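Here's the structure we're looking at; comments come further down.
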Amino acid sequence: MRAIQITEFGGPEVLRETELPDPVAGEGQLLLDVDSAGVNYADTHTVENSYLSRSALPMVPGAEVVGRTADGRRVVALTDNGGYAQKAAVQTYLAHELPDTVTDGQALALVVQGLTAWHLLRTSARLAPGESVVVHAAAGGTGSLAVQLARQFGAGRVIATASSQDKRDLALEMGADVAVDSDPEGLTERLTAANGGRKVDIVLEMTGGPVFDASLAALAPFGRLVAYGMASRTAPTPVQPAQLMGRSRAVVGFWLMHCLGRPGMYREPMAELLAMTADGRLRPRVGGVYGLSEAARAHEDLRARRTTGKLVLDVTR
6 MRAIQITEFG
16 GPEVLRETEL
26 PDPVAGEGQL
36 LLDVDSAGVN
46 YADTHTVENS
56 YLSRSALPMV
66 PGAEVVGRTA
76 DGRRVVALTD
86 NGGYAQKAAV
96 QTYLAHELPD
106 TVTDGQALAL
116 VVQGLTAWHL
126 LRTSARLAPG
136 ESVVVHAAAG
146 GTGSLAVQLA
156 RQFGAGRVIA
166 TASSQDKRDL
176 ALEMGADVAV
186 DSDPEGLTER
196 LTAANGGRKV
206 DIVLEMTGGP
216 VFDASLAALA
226 PFGRLVAYGM
236 ASRTAPTPVQ
246 PAQLMGRSRA
256 VVGFWLMHCL
266 GRPGMYREPM
276 AELLAMTADG
286 RLRPRVGGVY
296 GLSEAARAHE
306 DLRARRTTGK
316 LVLDVTR
């Protein structure tokens, strides 16, 4: 089968197309003929071995696929890597059948980024009706869905941040009330102004570094900052307990892998997201489709912040 494999850690340049033996499904697994694979920012960390879980070489990256089972069922599934390939062996309990009205790209947008956005708001931030929500990188895969879900879940004000006017306009189109520049310089003040001069209740933060620092400073009493990424590859200033106690603020970490296998944390929210997409309440945005051999270019574009929405590899070409 055709696949993208890495034999050394590094940037997009280590992603190389090759021929590999077909995987064999083990007990409790399905073998899928892959049509499409999703590209996530986490994949860029996996390829350079800087993510929360360590990688082993050689490796085929890719954490999500849409494909067909031997009996013809069309499913979307999470993988333990191995997604950038024509075939993938996936855990049966992580495969979800797709309605015909949901496209490959939409399904791939939901299985990692949609579930992440759902849990950021429901599980980690515990959004209450009327609360203000800041969504960083609001034009991206997770951010564009978080903006929409925050509105669906009853947020009082949705404040988006993005690095360009085009991306801010997209966030407004997705349902944000206001969109501001994501530059960390003056960010605390812009977030407060965007909330009518008041500190904010919830921040969904995946950048780290000075953006994290500015976001924490923008939290109201009993506000929650949920950290779910490290896109800047820069550590924030260490948080001291007194900083949290002094304003009754909370910092919560989130990693989707901790939801897998826990009752009610995977299949049920995934079914809700698919139903919302099928009936039009949720609009997952596909920002770019690349051929399998273009995986390196997809990573380059993602890391350079040239993309919006969900990136997809068309494994059939």
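To convert, count from 1 in the sequence shown and add 5; that's our numbering. We put the CB at the ideal spot given by N, CA and C, even for glycine. The model shown is predicted, which means the values in this text are computed figures rather than measured ones.
- Item | Nonlocal neighbours in the same chain, by C-beta distance under 8 Å from P274, ignoring five residues either side | Looking up residue 274 in the sequence shown gives position 269. Within its own chain, the residues whose Cβ lies closer than 8 Å to the Cβ of P274, once the five positions on either side in sequence are excluded, are L120, W123, H124, R127, listed in chain order.
- Task: Go ahead and pull the three-state DSSP assignment for L278.
- Result: For the purposes of this step, residue 278 is taken as the residue at position 273 of the sequence shown. Looking at L278 - three-state DSSP - the assignment turns out to be helix.
- Validate contact between the segment 263 to 274 and the segment 242 to 255 using beta carbons, cut 8 Å, 3 pairs: These segments do not touch.
- Measure the Cβ-Cβ separation of P28 and G110 and say whether it is below 8 Å. Residue numbering aside, residue 28 sits at position 23 when the sequence shown is read from its first letter. Residue numbering aside, residue 110 sits at position 105 when the sequence shown is read from its first letter. It is not a contact, given that the beta carbons lie outside the stated cut-off.
- List the endpoints of the continuous alpha helix (DSSP H) containing F217. As a working note, residue 217 is residue 212 in the sequence shown. Residues 214 to 222.
- Measure the C-alpha to C-alpha separation of G201 and R286 and round it to an integer number of angstroms. In the sequence shown, counting from the first residue as 1, residue 201 sits at position 196. In the sequence shown, counting from the first residue as 1, residue 286 sits at position 281. Roughly 28 Å separates the two Cα atoms.
- Excluding the 5 residues preceding and the 5 following V231 in the sequence, name in chain order all residues of the same chain whose CB lies nearer than 6 Å to its CB. In the sequence shown, residue 231 corresponds to position 226, counting from 1. L125, S129, A130, L209, V257, F259, listed in sequence order.
- CB contact flag (A155, A167, <8 Å): Position 150 of the sequence shown, counted from the first residue, corresponds to residue 155. Position 162 of the sequence shown, counted from the first residue, corresponds to residue 167. Contact: no.
- Among Y98, P17, R173, which one has its Cα closest to the Cα of E32? Sequence index remark: in the sequence shown, residue 32 carries index 27 (1-based). The option with the nearest alpha carbon to E32 is Y98.
- Run the CB neighbour count on Q91, radius 10 Å, all protein chains shown included, and call it buried at 16 or more, exposed below. By 1-based counting over the sequence shown, the position of residue 91 is 86. Buried, because 16 or more other Cβ atoms sit within 10 Å of the Cβ of Q91.
- Item | Candidates E305, V152, V320: closest to P289 by CA position | Working through the sequence shown from its first residue, we reach residue 289 at position 284. Selected option, being the one with the closest Cα: V152.
- Message: I need the straight-line Cα distance from D206 to G191, nearest angstrom please.
- Response: Along the sequence shown, read from residue 1 onward, the residue named residue 206 stands at position 201. Along the sequence shown, read from residue 1 onward, the residue named residue 191 stands at position 186. It is roughly 18 Å from the alpha-carbon of D206 to the alpha-carbon of G191.
- For L83 versus A68, is the C-beta distance shorter than 8 Å? One-based indexing of the sequence shown puts residue 83 at position 78. One-based indexing of the sequence shown puts residue 68 at position 63. The answer is yes: Cβ separation under 8 Å.
- Go ahead and label A219 buried or exposed: buried means 16 or more other beta carbons lie within 10 angstroms of its beta carbon, across all protein chains shown. Stepping through the sequence shown from its first residue, residue 219 is reached at position 214. Buried: at least 16 other Cβ atoms inside 10 Å.
- Looking at the structure shown, is M64 part of a helix, part of a strand, or coil, going by DSSP? Walking along the sequence shown from the start, residue 64 turns up at place 59. DSSP places M64 in strand when its eight states are reduced to three.
- Over the uninterrupted alpha helix (DSSP H) stretch that includes L307, give me the two end residues. The residue you call residue 307 lines up with position 302 of the sequence shown. 300 to 308 is the span of the alpha helix (DSSP H), which, as asked, contains L307.
- Task: With G293 as the anchor, note down where its beta strand (DSSP E) starts and where it stops.
- Result: By 1-based counting over the sequence shown, the position of residue 293 is 288. Element bounds for G293: 291 to 296.
- Query: How big is the Cα-Cα spacing for H101 and R252?
  - Reply: If you number the sequence shown from 1, residue 101 lands on position 96. If you number the sequence shown from 1, residue 252 lands on position 247. The alpha-carbon atoms of H101 and R252 are separated by roughly 42 Å.
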